[in-house]
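Numbering (full-length UniProt numbering), first residue to last: 1 to 393. Worksheet: one structure, shown below.
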């Protein structure tokens, strides 16, 4: 071992000692993002041409949570009684998760969470996985450093937290970028080798991306080996029609706190004087697959506006123009599963929760799916597969 390697090991051991011997919430974080580059990407999305329908200028998914103001407002929205979509999803998650996690054969298992959100769901997963594998690593991944910090707070309530802290490795990275996922894959290989890994995309996160199914397909092709699994949680709708689409939009519209969340990225990154009444919520049917909810900010004034961004570039925002602040979806399950199969993914198991009914049989819900690549799904049982075997099979 050369001198440089010895010095690196010495530093890491000292850092590990600091983390394990103090009650202060230190955690190491790998930063993989060039923040100035991300700012330029945000500016480019806001320089797109005129659209009265929210189809040009936009805040793309990761930027909705990027920074202190969006992260704090997201945390507030998740506890708002007028925003049942996320609140109910968090409160019922443990039931869905534990119906999947029915058996465990004690094999080592690591956990990589893509977009950990507020952290409550990851805490539920870790509470079951860590006691059976005390050497496991937990790697939450998000492009927002503040979201990573907020997401670690629920971990403090876990009984094994003090000895587990030096096995946490938050990674600040935009996992929607293909090159970044390749780097994450290399990091996984170096940290965990051939040991099974459970990846997760919880909280209906995939629904926030324009290329939702394509994103999951890219992640699975780059990350999933036969011994790995991907846990995906989605919001669902029993019917795809205009009435359900409008009802879905109203679920979001009734929460003023959620409205503050979706506007916070625009407020934080521009000098635009915000009028909260200029935010509108639209629900449309994506034929044969989902209900799409768009949250749009419209310049309803008679004047053309000029918006200045943090990099000092200017955006022309004419009267009637729009900025798409956020998108989400509620999926028709059969259509989604068919799309996943087409993308080379196999649904090994799922757990479904129904929420309130609209017009008798019309319902929204949440579905938790355990996915593998098609080869693993059709092959022999593996250690990772035993972890999530259907009850009674």
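The C-beta atom is built at its ideal place from N, Cα and C for all residues, glycine as well. Just so you know, these numbers come straight off a predicted model, no measurement behind them.
Ends of the beta strand (DSSP E) at residue 297? Looking at the DSSP string, the run of the beta strand (DSSP E) that includes residue 297 is 290-298.
For the alpha helix (DSSP H) holding residue 149, just list the boundary residues, first then last. Element bounds for residue 149: 145-152.
Return the bridge partner residues of residue 349 from the DSSP annotation. Paired residues: 370.
Could you have a look at residue 328 and say whether DSSP puts it in helix, strand or coil? DSSP places residue 328 within a strand segment (E or B) once states are collapsed to three.
Counting Cβ pairs, one atom from each stretch, are 3 or more of them under 8 Å apart for the segment 32-50 and the segment 313-325? Touching, per the Cβ criterion.
Tell whether a beta-carbon distance below 9 Å holds between residue 428 and residue 345. The shown model of the chain, from 1 to 393, leaves out residue 428, and the question about it has no answer.
To the nearest angstrom, how far is the alpha carbon of residue 292 from that of residue 185? In this structure, the alpha-carbon of residue 292 lies about 31 Å from that of residue 185.
Between the C-alpha atoms of residue 272 and residue 37, what's the straight-line distance to the nearest angstrom? In a straight line, the C-alpha of residue 272 is about 22 Å away from that of residue 37.
Which residues bound the alpha helix (DSSP H) around residue 70? Segment 68-77, the alpha helix (DSSP H) holding residue 70.
Boundaries of the alpha helix (DSSP H) in which residue 419 is found, first to last residue: Since the first residue of the chain shown is 1 and the last is 393, residue 419 is not available in this structure.
Under 6 Å Cβ to Cβ from residue 30, same chain only, skipping five residues before and after it: list those, please. Here the set comprises 171.
Whole-Å CB distance - residue 294 paired with residue 324, under 8 Å assumed: At roughly 6 Å, the Cβ-Cβ gap stays under 8 Å, so residue 294 and residue 324 are in contact.
How long is the line joining the alpha carbons of residue 166 and residue 195, rounded to whole angstroms? Between the alpha carbons of residue 166 and residue 195 lies a distance of about 19 Å.
May I have a chain-ordered list of the beta strand (DSSP E) segments no shorter than 3 residues that lie completely inside the segment 180-245? Given a length threshold of 3 residues, each whole run of the beta strand (DSSP E) inside the segment 180-245 is given here in chain order: 197-201 and 229-237.
Which listed residue (305, 250, 213 and 340) has its alpha carbon closest to that of residue 280: Nearest option by C-alpha distance: 250.
Quick test of your reading: residue 101 and residue 192, contact by CB under 8 Å. State the CB separation rounded to the nearest angstrom. Actually they do not touch by this definition, with Cβ atoms about 20 Å apart.
Could you please give me the residues that DSSP links to residue 84 through a beta bridge? DSSP, once it has assigned bridges, lists no residue as partnering residue 84.
Just the C-alpha distance for residue 408 and residue 86, rounded to the nearest angstrom, thanks. With the chain running from 1 to 393 in the structure shown, residue 408 is simply not present.
Pull up the DSSP beta-bridge partners for residue 110, would you. Answer by DSSP bridge pairing, in chain order: 197.
Distance, Cα to Cα, residue 139 vs residue 113? Roughly 6 Å separates the two Cα atoms.
What is the rounded straight-line gap between the Cα of residue 136 and the Cα of residue 129? The straight-line gap from Cα to Cα measures roughly 8 Å.
If you measure between the beta carbons of residue 265 and residue 146, is that distance less than 9 Å? Residue 265 places its beta carbon 9 Å or farther from that of residue 146.
Which of helix, strand or coil DSSP assigns to residue 156: Helix at residue 156.
Examine the Cβ distances between the segment 203-213 and the segment 231-238 and report whether three or more of them are shorter than 8 Å. Verdict: yes, contact present.
Cβ shell of residue 39 (< 7 Å), same chain only, five flanking positions each side left out: Non-local C-beta neighbours of residue 39 in its own chain, meaning closer than 7 Å and more than five positions away in sequence, comprise 310 and 311, ordered along the chain.
Cα-Cα, which of 173, 11 and 302 is closest to residue 142? Answer by Cα proximity: 173.
Measuring straight from C-alpha to C-alpha, what distance separates residue 223 and residue 326? Between residue 223 and residue 326, the C-alpha separation is close to 27 Å.
My assumption, with CB atoms under 8 Å, is that residue 153 sits in contact with residue 119. Please give the rounded CB distance. Confirmed, Cβ separation roughly 6 Å.
Under 9 Å between the Cβ atoms of residue 269 and residue 67? Residue 67 is positioned such that its CB atom lies closer than 9 Å to that of residue 269.
List the residues that DSSP assigns as beta-bridge partners of residue 337. Residue 337 is not bridged to any residue.
Quick one: grab the DSSP three-state call for residue 42. In this structure, residue 42 counts as helix in the three-state DSSP scheme.
Could you give the C-beta distance for residue 335 and residue 365, rounded to a whole number, given that I count them as a contact under 8 Å? Rounded to whole angstroms, the Cβ separation of residue 335 and residue 365 is 15 Å, and the two are not in contact under 8 Å.
Can you check which of these residues, 348, 351, 322 and 163, is closest to residue 51 by C-alpha distance? Of the candidates 348, 351, 322 and 163, 322 places its Cα closest to the Cα of residue 51.
Residue 14 versus residue 258 - alpha carbon distance: A direct Cα-to-Cα measurement between residue 14 and residue 258 gives close to 42 Å.
On the DSSP bridge assignment, give the partners of residue 401 in chain order. The requested residue 401 is not part of the displayed model; the chain covers only 1 to 393.
Using C-beta distances below 7 Å, list every residue in its chain close to residue 33, excluding the 5 sequence neighbours before and after it, in chain order. Excluding positions up to five away in sequence, the list reads 143, 172, 173 and 174.
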